[in-house]
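Residue numbers (our numbering), protein chains in the order written: chain A, 12 to 721; chain B, 245 to 410.
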Amino acid sequence: MAEELIPVVCPYCGVGCRLYIRVVDGYPVGIEYATDIPGISNEKGKLCPKGNAVIEYLLAKDRLKKPLKAKEQGKFVEISWSEAIKEVAERLKTYAKDDPNQLMFFGSARTFNEPNYLIQKLARMLGTNNVDHCARLCHAPTVSGLKQVFGAGAMTNTYKDIEEADVIFIIGHNYAETHPVGFRYVLKAKERGAKVIVADPRFTRTAWFADIFLQHYPGTDIALINGLIHVIIKEKLYDAKFVRERCVGFDEVVKAVEKFTPEYVEKITGVPADLIVEAARTFATAGKGVITWAMGLTQHTHGHDNVRLLGTLSAICGYQGKEGCGCAPMRGQNNVQGACDMAALPNVFPGYQAVTNPEKRKFFEEFWGVELNGEVGLTVIEAAHAIDEGKVKAYYIMGENPVISDANANHVIKALQKLEFMVVQDIVPTPTMEFADIVLPAAAMLENEGSLTNTERRVQWSFPAVKPPGEARPDWWILSEVGKAVGFDRDGSKGFRYNEAADVLREINACTPQYRGITPERLKANLAGIHWPCPSPDHPGTRFLYKDRFLTPDGKAHLAAVDYRGPVELPDEEYPFILTTMRYVGMYHTLTMTGRSEALVKRWKEPLAEIHPDDAAKLGIRTVDWIKIETRRGVYPIRAKVTRAVKKGVIAVPWHWAANVLTNDALDPVAKIPETKACACRVAKISEEEAKKLMEKLPQIIPRIEVVKG
Amino acid sequence: MARKTIFIDFSKCIECRACEVACEREHNGMSFINVFEWQEMAAMALNCRHCEAAPCVEVCPTNALYRDEDGAVILAPQRCIGCLMCGIVCPFGIPELDLINKIMGKCDLCAHRRKEGKEPACAATCPTDALIFGDFDEIQRRRREKFTEKAIEVAKKAEKISLLGV
Ligand code: SF4
Ligand code: SF4
Ligand code: SF4
Chain A
12 MAEELIPVVC PYCGVGCRLY IRVVDGYPVG IEYATDIPGI SNEKGKLCPK GNAVIEYLLA
72 KDRLKKPLKA KEQGKFVEIS WSEAIKEVAE RLKTYAKDDP NQLMFFGSAR TFNEPNYLIQ
132 KLARMLGTNN VDHCARLCHA PTVSGLKQVF GAGAMTNTYK DIEEADVIFI IGHNYAETHP
192 VGFRYVLKAK ERGAKVIVAD PRFTRTAWFA DIFLQHYPGT DIALINGLIH VIIKEKLYDA
252 KFVRERCVGF DEVVKAVEKF TPEYVEKITG VPADLIVEAA RTFATAGKGV ITWAMGLTQH
312 THGHDNVRLL GTLSAICGYQ GKEGCGCAPM RGQNNVQGAC DMAALPNVFP GYQAVTNPEK
372 RKFFEEFWGV ELNGEVGLTV IEAAHAIDEG KVKAYYIMGE NPVISDANAN HVIKALQKLE
432 FMVVQDIVPT PTMEFADIVL PAAAMLENEG SLTNTERRVQ WSFPAVKPPG EARPDWWILS
492 EVGKAVGFDR DGSKGFRYNE AADVLREINA CTPQYRGITP ERLKANLAGI HWPCPSPDHP
552 GTRFLYKDRF LTPDGKAHLA AVDYRGPVEL PDEEYPFILT TMRYVGMYHT LTMTGRSEAL
612 VKRWKEPLAE IHPDDAAKLG IRTVDWIKIE TRRGVYPIRA KVTRAVKKGV IAVPWHWAAN
672 VLTNDALDPV AKIPETKACA CRVAKISEEE AKKLMEKLPQ IIPRIEVVKG
Chain B
245 MARKTIFIDF SKCIECRACE VACEREHNGM SFINVFEWQE MAAMALNCRH CEAAPCVEVC
305 PTNALYRDED GAVILAPQRC IGCLMCGIVC PFGIPELDLI NKIMGKCDLC AHRRKEGKEP
365 ACAATCPTDA LIFGDFDEIQ RRRREKFTEK AIEVAKKAEK ISLLGV
């Protein structure tokens, strides 16, 4: 058999790198770098370690191959697809008849646009807006915050603009480790002479490349950004013309930041006052500036305000609507932008059209041919609380692992145990599956085709490279079968009859203004993809947003005046340290994929908690000693790494290995994101035996699913 | 003869270890490039330098080590007896013992990829261009060029410096 090269999109992060899978007869034998496709997000086909190891997890021995039905918790029997679909459809129908809001659906940033469109269509046609996905846990504040300031919740620019910027302000974003290929453009800009400002509680790999490094305490972002704005306004370094012509709310900002003098900000953040002044001057006077951020900024109870302030900072400097400028929230998953665009969100229809808007609702009522619910649905974390109250009784989870990914994991586990019915659709056993009633085996991304939207709003088509194992099926197929079995069996947009993923994208084209011209035919012919908004089939796509006007109703940027709020849980006598979470370059989220990849596991074996040498000395802790970290919500055993990368009083742990048993699920009032990036904790040295004992109580990262005979 | 090799720009390495993962994939589970972390943060990738006067080639009793047309120092497995001498004399500690095949293993600059006109995997993947594959003198010339470009850029920006002097 001859070898074939199939173009796919890396199934990991939001950079959305292109690569080829080398395939012989449906079996993956290797990868090749996409050096020959111009204009892709990963220039010259560059890949990070995860991209290099993509085929390993496909071949994992424990891939799910048959639909399963639980006999008791965690014990399953194999069933046929027709039995599985029938059971799921019937249960969904029963709950929907009673009260559709008893149902909760999870879309997924880990799968294509098409299934995300379908899962929200299914939820909404059943009568509920209870549909959400893991963007809630990462970039919900970006979506809500940017929408308020500029009118749309997406990156305003592209990587090209980062490359062309003269100053890059990176905050709460370990760019070099979380998006290594995207970081390439920062280094290219730096080589040209651009200045790099990094603000992070940890001295990260990214900070290593900073011209100015601001090490603030976790959760003090509002003070820091207000401090920068204070200096810029006081020294009249802002773009007065841009502020006059294109912004509203400047006077309120002036008032709000008045007290945030560099000295005051130093007291809150621990960043020296003169560095704040230097950073503000460097940023405002560069001429072309980009701000990038990620989880370090958003995962706070004030994440929404953090984002609004960054929008404000960028706007007052006039860094919007032109090349080499903009706001670049860096998405963690290769389709988190797409899942948001497709409205796997409780408050909007596809293309961010509010469910509360009667006109938009009418459009979709005609489009889908059913009456629709106009009430905003539940978010991920709210749903877990609604289970406690007996309001939500059934979950349909597609490609998510809330037991590891959600804050305060112990509460999530208790909630899941209370559910009456839970469907989990995934590629491998996850700790969440333990509580499932029905398990549906899905084809992995590289075994499947469809469109994906990367962090730059770039929509790309990924082709199926490998045969799925056993009876695993594509997500779009599973949802279309469930939809038909539920009774939505009409043709066209009013039902769930699809022959291929491209059919679904055509329906998306018809109802999502930003995607109107992004047809499957165009995507398949143009491997570099198209940046939305793309309003017609002959439109080339849009590199940066807001050239002439913002997308707010009045076309202006709405600047944010925000007073300081820190983390809700601050260190005290009982819990004297601030805990923050981080990740490793070679590991990915809840480890369902990277944890099954030998080359990665070998290099990133286990988590290490970072602790400052002075704190470590006081507690008698040395590198590789076992310690236990305790918060009001949980205990976590981990080895220590003594390093000056963190400030005194701060502990940093990678969250991949179930560290969310510790984190706080207090929510941002607007974005509803839990504050996983800052809470109070205490630390003590423990013996290896004690660590082992504590370990047994943690959710298993790579669980075994027990299949018993019928 | 132009010698193509891997230039390591230490200032750009982000310790992502993509090079290791790529090398390992191309060489049946053995990675011949390694990334080290220093002083908590600085990182440095190191692979065989394919030395001009390579002590490993000199010392090899069976002539298993030789130089190919690109100038890469290559190990011929059928001639290697696993005596470890090359590993002992290499100042960087590069050749390793491949216990399964009972011979030495070392970086071959991805001979199989070069044959198809491709770059070695580590350089092809390195996200930051910390690894560059090419003719060494050519790479040096480009670096000089970049340096002068930057110097002039700086001079232009600083008001007090007159370009006449540059
Ligand atoms: S940077 Fe992101 S998209 Fe690119 S190879 Fe790495 S994980 Fe994949
Ligand atoms: S791939 Fe490049 S940046 Fe990454 S570790 Fe290797 S040399 Fe360093
Ligand atoms: S193995 Fe060592 S001595 Fe031989 S060429 Fe490589 S670096 Fe030089």
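Just so it is clear, CB atoms sit at the ideal spot from N, CA and C, and this is done for glycine as well.
Element boundaries [beta strand (DSSP E), containing residue i]
i	result
Gly-378 of chain B	375-379
Tyr-407 of chain A	405-409
Lys-248 of chain B	248-252
Ser-155 of chain A	Counting along the chain, Ser-155 of chain A falls outside any beta strand (DSSP E), though it belongs to the alpha helix (DSSP H) covering 151-161.
Pro-648 of chain A	646-653
Trp-472 of chain A	469-473
Reduced DSSP secondary structure (H/G/I, E/B, other) of residue i
i	result
Ile-529 of chain A	coil
Cys-351 of chain A	helix
Asn-358 of chain A	coil
Tyr-106 of chain A	helix
Ala-395 of chain A	helix
Asn-237 of chain A	helix
His-542 of chain A	strand
Pro-369 of chain A	helix
Ser-462 of chain A	strand
His-356 of chain B	helix
Ala-691 of chain A	strand
Gly-409 of chain B	With a pLDDT of only 46 at Gly-409 of chain B, under 50, the local geometry of the prediction cannot be trusted, and no value is derived from it.
Ile-181 of chain A	strand
Pro-480 of chain A	coil
Lys-61 of chain A	helix
Phe-336 of chain B	coil
His-569 of chain A	strand
Ile-325 of chain B	coil
Val-192 of chain A	helix
Test: residue i CB closer than 7 Å to a CB of chain A
i	result
Met-285 of chain B	yes
Pro-305 of chain B	no
Glu-389 of chain B	no
Ala-395 of chain B	no
Lys-256 of chain B	yes
Thr-392 of chain B	no
Cys-260 of chain B	yes
Val-279 of chain B	no
is_contact[residue i, chain B] using C-beta, thresh 7 Å
i	result
Asp-31 of chain A	The residue asked about is misnamed: residue 31 of chain A is Tyr in this sequence, not Asp. No, Tyr-31 of chain A does not count as interfacial toward chain B.
Leu-69 of chain A	no
Lys-206 of chain A	no
Tyr-44 of chain A	yes
Leu-248 of chain A	no
Asn-63 of chain A	yes
Arg-216 of chain A	yes
Distance, residue j Cα to residue i Cα
i	j	result
Glu-174 of chain A	Lys-558 of chain A	19 Å
Ile-449 of chain A	Asn-537 of chain A	39 Å
Lys-132 of chain A	Gly-498 of chain A	13 Å
Tyr-741 of chain A	Thr-217 of chain A	Residue 741 of chain A lies beyond the range of chain A shown here (12 to 721); nothing can be said about it.
Ile-258 of chain B	Ile-250 of chain B	17 Å
Ile-638 of chain A	Arg-655 of chain A	18 Å
Pro-705 of chain A	Asp-636 of chain A	A small correction: the amino acid at residue 705 of chain A is Leu; Pro does not occupy that position in the sequence shown. If I take the Cα positions, the gap works out to 15 Å.
Phe-116 of chain A	Ala-134 of chain A	7 Å
Pro-524 of chain A	Pro-229 of chain A	39 Å
Ala-455 of chain A	Ala-291 of chain A	45 Å
Arg-218 of chain B	Glu-202 of chain A	Residue 218 of chain B lies beyond the stretch modelled for chain B, which goes from 245 to 410, so this question has no answer here.
Residue i and residue j closer than 7 Å at C-beta
i	j	result
Leu-722 of chain A	Gly-322 of chain A	The shown model of chain A, from 12 to 721, leaves out residue 722 of chain A, and the question about it has no answer.
Ser-504 of chain A	Phe-375 of chain A	no
Val-439 of chain A	Ala-447 of chain A	no
Glu-234 of chain A	Ile-279 of chain A	For clarity, residue 234 of chain A is Ala in the given sequence; the question names Glu instead. Closer than 7 Å, so yes.
Phe-271 of chain A	Phe-180 of chain A	no
First and last residue of the uninterrupted alpha helix (DSSP H) at residue i
i	result
Gln-436 of chain A	Gln-436 of chain A -> not in any alpha helix (DSSP H); beta strand (DSSP E) instead, spanning 432-437.
Ser-416 of chain A	413-416
Val-493 of chain A	486-497
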